[in-house]
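Quick note, the sequences are listed as chains A and D, same order.
So the first sequence is numbered by my numbering: it starts at 16 and just counts up by one.
So the second sequence is numbered by my numbering: it starts at 390 and just counts up by one.
Ideal placement from N, C-alpha and C gives every residue a C-beta, glycine not left out.
Since we're looking at a predicted model, the values are computed, not measured.
Take a look at the structure set out below.
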Amino acid sequence: MLETSANEIEALVERANALWMRAQRERTSRVELYAKLADRVRMERGPSMHRAREAGIALRTFTRDESRAAFASCPGLSNGAVDGAFSAGQRWVTAATPEPALVSGRRSDLDADLSLPSEVELLTWLRSSPSIAWVEAGTTTEVLIGPEGWVTARRRHRIWAMIRPDGDRLVAARGAPKWDEALQRCTAEYDPGGPTGASSSCSIACQTEAAAPIVNALVHRFHLSNAIGDLRVGPGWNVMDEPAHPAGLVGGVFDDAGFPTSPLKLSNGGALRTLEGTEGHLWRRSYREPPIPTPSNLIVGSRGLEEPEPCGFFARRCRVHHLTRAVWVLEFEPVGGGAPLFVRTSPERLIRACALGVGPARFTANGPCVPVMVFRGLQDENSPSA
Amino acid sequence: MPISTRLNDGATHDAVALAGRALPADSMAQVFFEERADLRLELSGRAAPNLAATSTRGAAVGEPGRTLHRTDPSLDDLVAMARGDGRWPFPPVDSEPLSGTPASCFDPEWTAAIEAEVFRRAEIELAGLPEPRWRASIVAFHQKVWVAGTDASVVSDVRGGCRFEILVGSESHPEVHAAMEWVLAGNQPEPPAGCFSRAWERLERRRSARPPRPGTTRAVLASGVGGVLVHELVGHALEADVVREAPTWIQAALPSALRMSVIDEPARGRGGWRVDDEGVATGRTSLIEDGRVVGLLLDRSTARLHGAPPNGHARRATYLDPIRPRMGCTYIGHGQDDPADIVRETASGIFIREMSAGHTDPLSGRAVFIVNDADSIVNGAVQEPLAPFIISVDGVEAWRSIDRIGCDLAFDTCVGSCIRDGQPLAVSVGAPTIRIGVITVEC
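So, in structure tokens, the structure goes:
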């Protein structure tokens with residue numbers, strides 16, 4: 016059994032410190048070191064068990080004028096990893112790092128102690144849930160040593176499951192305090208409610224798993240660049256990035272560059288914000304990637320528990336096909352099965368069509384926490400007279 | 390491939406063999422070790438070059454039913470894994486990597502040279518054109534794998550690939566662009582001559598394009614494009630683990646009307662392999678012959694269940710991932726028809742020059758594709774350019790309606806990666822020109 020106890024965290028902090036000091040000796044410039052250790056165990060039907068440990072480091076070496084930093088990474092947690100990172104191709108990345116006065120000493124953001132599930136537990140879960148194709152539990156521990164030697168440590172437990180048949184459906188949850196409870200939480204049948212009947216209306220209502228990819232696509236298009244301009248959004252586009260949300264799959268109280276985090280309203284009554292250049296929202300996709308402005312836990316606002324009005328189409332899933340920068344096609348799968356609905360639109364029209372969020376919001380494996388979302392007027396664009 | 394190969398091959402080979410001896414005898418257990426370097430170079434006429442180079446190294450050890458995966462193990466770690474020890478003691482700070490040296494990486498001189506060459510070509514080929522803007526990316530990988538079985542014999546394989554993509558547009562019409570991709574081959578790959586000019590021509594041709602009218606139609610797929618279709622519809626439906634879960638559409642389908650063949654030959658692919666990730670030599674796997682299913686894509690585990698020998702299709706995206714039967718280079722064999730005749734004998738329909746996969750259900754045979762470049766066919770002639778659109782294809786219906794196969798087999802006119810169970814893999818496809826009687830333009 017793998018233990019990711021307090022001792023393991025201390026061991027990683029100690030190791031990261033030793034490697035950071037080695038890196039400082041190698042360079043005359045200031046250096047930041049990020050170390051990651053991920054343990055996970057997966058059981059697939061068959062059965063087939065996979066137990067994995069991934070480890071690596073990344074270095075940002077700041078130029079003398081602190082205007083930019085050279086980034087490199089290397090697998091492993093030994094001295095050789097530091098040497099390997101310095102000899103690998105380096106690239107120029109942001110030099111954003113907190114002012115020393117803001118972040119002295121050590122900060123921690125740790126999920127409670129928890130051991131990875133045993134093979135017997137994993138098998139029992141698979142046998143008791145015929146719809147689960149595989150289940151994976153994992154613990155990720157990250158340590159960041161800043162250029163002045165300050166330390167942040169973060170630990171997250173997460174559980175993932177693939178639900179079949181009826182298409183692949185990935186579900187996920189934070190794993191504290193018990194794995195079996197987390198698994199139950201994320202695989203539980205979820206009826207978010209919604210329209211009670213079809214109508215000739217042109218509105219499209221999306222269950223959470225249909226709405227999540229749309230939210231991701233729109234945030235990446237409009238809130239990660241300076242492309243907002245005079246964009247008009249629909250009244251339902253109320254989105255907040257909340258890095259420290261207790262149920263969020265990612266994020267935390269400090270970001271991957273060490274900045275303290277705080278919630279950021281990306282859209283508030285039509286006033287739009289971008290994540291670009293926003294401290295506290297710099298995240299790494301893996302230890303091989305530098306910290307860049309990225310959403311963490313996107314929360315879409317909801318009007319409450321009421322049901323939306325009957326709609327033309329109620330979607331359980333949606334795929335966003337990017338035909339060009341200006342043309343997207345949304346492929347909606349209907350609740351209850353049947354032929355999909357294809358809608359050709361533009362990102363600008365789509366965000367304007369976002370009419371409202373209804374009912375309880377729920378975290379999805381895609382990332383965002385979304386309620387049922389209703390889009391109005393999208394199908395009008397596809398009518399022959401449009 | 391321009392790689393600084395700082396691998397200590399002998400030491401790694403010996404370490405993998407030593408770990409192989411520690412595997413339980415009379416089992417299917419194996420030691421898999423890989424070193425991999427990835428590079429992504431992004432260039433544009435308006436921003437500073439962005440180079441991302443990463444490397445990784447790790448092992449997967451065990452049987453198909455129970456595998457341990459670990460980053461950068463030492464020799465002691467590898468032997469312990471072979472003995473089935475799933476405890477992970479924190480490695481000593483001075484522990485030596487298995488090969489005794491840092492991981493391999495791309496040669497900086499080559500990346501500097503290719504960067505200069507791209508800028509030079511863009512400057513020459515786009516000179517004098519109205520407000521051109523462009524972006525280019527070079528994506529390359531180099532991987533070396535070692536596999537040992539219980540007899541401690543070690544087989545190894547070197548794989549690599551390089552892809553070049555450009556996107557050309559103009560300042561005056563920022564929302565219209567043309568994207569083109571090429572597979573670069575050879576020891577010192579270079580961008581193809583005329584690449585920017587060709588992309589600009591395509592951009593000009595498409596400025597006034599409109600999407601086709603939704604509905605069912607005939608389609609002629611230009612040489613190479615049909616490979617995307619058979620990869621999605623045929624290949625995924627003949628992956629042995631998928632077939633084992635439930636019968637797929639193609640197993641139940643009637644033979645196609647034509648004597649067509651579909652083959653998967655991993656060594657031909659842009660990221661080709663000669664030995665798979667279970668150490669099995671690969672070859673030419675016939676999937677369809679004379680319109681009938683004759684083969685499956687097998688790894689050792691599914692081969693045993695199907696009572697057949699494995700055929701070299703076992704792959705994992707990284708040492709952290711489970712093995713799956715995968716396609717390498719899937720293609721439709723040569724036909725007899727003149728491609729020009731195929732278009733000439735099509736009264737109306739669409740001529741598809743480039744498309745990519747949307748998604749596929751291998752059980753039902755329903756698939757969605759994104760058509761990035763196409764023209765209408767009217768009275769047997771290619772006519773107006775069409776703006777990008779979505780088509781859906783019903784496997785059974787489309788399979789039965791393929792009625793012409795050209796004699797112009799081509800590879801890698803559509804470049805893409807295949808993602809299966811979250812595992813990306815560089816693959817190739819090929820096909821001659823083919824005609825399908827029924828596809829549906831969705832919007």
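heavy atom of the ligand PLP below 8 Å from residue i C-beta
i: Arg-42 (chain A); result: What this structure holds is no ligand at all, so the ligand PLP is not there to describe.
Status (buried if at least 16 other CB within 10 Å, exposed otherwise) for residue i
i: Gln-725 (chain D); result: exposed
i: Val-804 (chain D); result: buried
i: Ile-808 (chain D); result: exposed
i: Gly-285 (chain A); result: exposed
i: Cys-369 (chain A); result: buried
i: Thr-749 (chain D); result: buried
i: Pro-115 (chain A); result: exposed
i: Lys-533 (chain D); result: buried
i: Ala-414 (chain D); result: exposed
i: Leu-396 (chain D); result: Per-residue confidence for Leu-396 (chain D) stands at a pLDDT of 48, beneath the threshold of 50, marking its modelled position as unreliable; the derived number appears in the next sentence. With 16 or more Cβ atoms within 10 Å of its Cβ, Leu-396 (chain D) is classed as buried.
i: Cys-494 (chain D); result: buried
i: Asn-761 (chain D); result: buried
i: Val-135 (chain A); result: exposed
i: Leu-643 (chain D); result: exposed
Rounded straight-line distance, which links the Cα of residue j to that of residue i
i: Glu-550 (chain D); j: Leu-573 (chain D); result: Looking at the sequence itself, residue 550 (chain D) is Gly, so the reference to Glu does not match. If you take the alpha carbons of Gly-550 (chain D) and Leu-573 (chain D), they lie about 8 Å apart.
i: Val-782 (chain D); j: Arg-331 (chain A); result: 22 Å
i: Ile-791 (chain D); j: Arg-673 (chain D); result: 23 Å
i: Val-385 (chain A); j: Leu-371 (chain A); result: 11 Å
i: Leu-365 (chain A); j: Arg-602 (chain D); result: 22 Å
i: Pro-821 (chain D); j: Arg-648 (chain D); result: 14 Å
i: Thr-460 (chain D); j: Glu-514 (chain D); result: 45 Å
i: Arg-367 (chain A); j: Pro-375 (chain A); result: 22 Å
i: Leu-17 (chain A); j: Trp-343 (chain A); result: In this prediction, Leu-17 (chain A) has a pLDDT of 43, which is less than 50 and means its spatial position is unreliable; nothing more can be read from the coordinates.
i: Ser-737 (chain D); j: Ala-763 (chain D); result: 13 Å
i: His-65 (chain A); j: Leu-129 (chain A); result: 19 Å
i: Arg-121 (chain A); j: Ala-96 (chain A); result: 24 Å
i: Ile-731 (chain D); j: Arg-594 (chain D); result: 23 Å
i: Val-619 (chain D); j: Asp-810 (chain D); result: 19 Å
i: Gly-353 (chain A); j: Ser-317 (chain A); result: 28 Å
i: Glu-786 (chain D); j: Ala-87 (chain A); result: 51 Å
i: Cys-832 (chain D); j: Glu-506 (chain D); result: 39 Å
i: Ala-5 (chain A); j: Ala-127 (chain A); result: With chain A covering only 16 through 401, there is no way to say anything about residue 5 (chain A).
i: Gln-771 (chain D); j: Arg-793 (chain D); result: Before going on, a small fix: residue 771 (chain D) reads as Val here, not Gln. Distance between the alpha carbons of Val-771 (chain D) and Arg-793 (chain D): 17 Å.
i: Gly-795 (chain D); j: His-723 (chain D); result: 7 Å
i: Asn-439 (chain D); j: Trp-194 (chain A); result: 41 Å
i: Cys-221 (chain A); j: Gly-382 (chain A); result: 16 Å
i: Val-166 (chain A); j: Trp-35 (chain A); result: 11 Å
i: Trp-107 (chain A); j: His-296 (chain A); result: 19 Å
8 Å contact criterion, which residue i and residue j should meet: CB distance rounded
i: Gly-273 (chain A); j: Val-118 (chain A); result: 6 Å
i: Trp-559 (chain D); j: Arg-522 (chain D); result: With the sequence shown as reference, residue 559 (chain D) is identified as Ser, and Trp is not the correct amino acid for it. About 6 Å separates the two Cβ atoms, so the contact holds.
i: Arg-189 (chain A); j: Arg-173 (chain A); result: 6 Å
i: Trp-298 (chain A); j: Asp-270 (chain A); result: 6 Å
i: Phe-357 (chain A); j: Phe-328 (chain A); result: 11 Å between Cβ atoms; not a contact.
i: Ile-402 (chain A); j: Phe-237 (chain A); result: Missing from the structure shown is residue 402 (chain A); chain A here goes from 16 to 401 and no further.
i: Arg-704 (chain D); j: Arg-713 (chain D); result: 7 Å
i: Gly-263 (chain A); j: Ser-311 (chain A); result: 6 Å
i: Ala-423 (chain D); j: Tyr-708 (chain D); result: Sequence check: residue 423 (chain D) is Glu here, not Ala. Indeed, because the Cβ distance is near 5 Å, the residues count as touching under 8 Å.
i: Glu-654 (chain D); j: Gly-575 (chain D); result: Not quite, the Cβ-Cβ distance comes to about 20 Å (not below 8 Å), so this is no contact.
Residues sharing a beta bridge with residue i, DSSP
i: Tyr-720 (chain D); result: D:Ile-652 and D:Gly-819
i: Asn-700 (chain D); result: According to DSSP, Asn-700 (chain D) bridges with nothing at all.
i: Gln-419 (chain D); result: D:Gly-451
i: Asn-283 (chain A); result: A:Ala-286
i: Gly-550 (chain D); result: D:Phe-530
i: Phe-101 (chain A); result: Phe-101 (chain A) is not bridged to any residue.
i: Thr-139 (chain A); result: Looking at the DSSP assignment, Thr-139 (chain A) forms no beta bridge with any residue, so it has no partner.
i: Pro-90 (chain A); result: A:Gly-71
i: Gln-812 (chain D); result: D:Arg-809
Three or more C-beta pairs closer than 8 Å, one from the stretch 154-163 of chain A and one from the stretch 51-70 of chain A: is that the case here?
-> yes
Counting Cβ pairs, one atom from each stretch, are 3 or more of them under 8 Å apart for the stretch 608-619 of chain D and the stretch 684-701 of chain D?
-> no
Meets three-Cβ-pair contact criterion under 8 Å: the stretch 442-458 of chain D and the stretch 408-425 of chain D | yes
The stretch 618-634 of chain D / the stretch 679-689 of chain D touching (three or more Cβ pairs under 8 Å) = yes
Three or more C-beta pairs below 8 Å linking the stretch 822-830 of chain D and the stretch 658-665 of chain D | no
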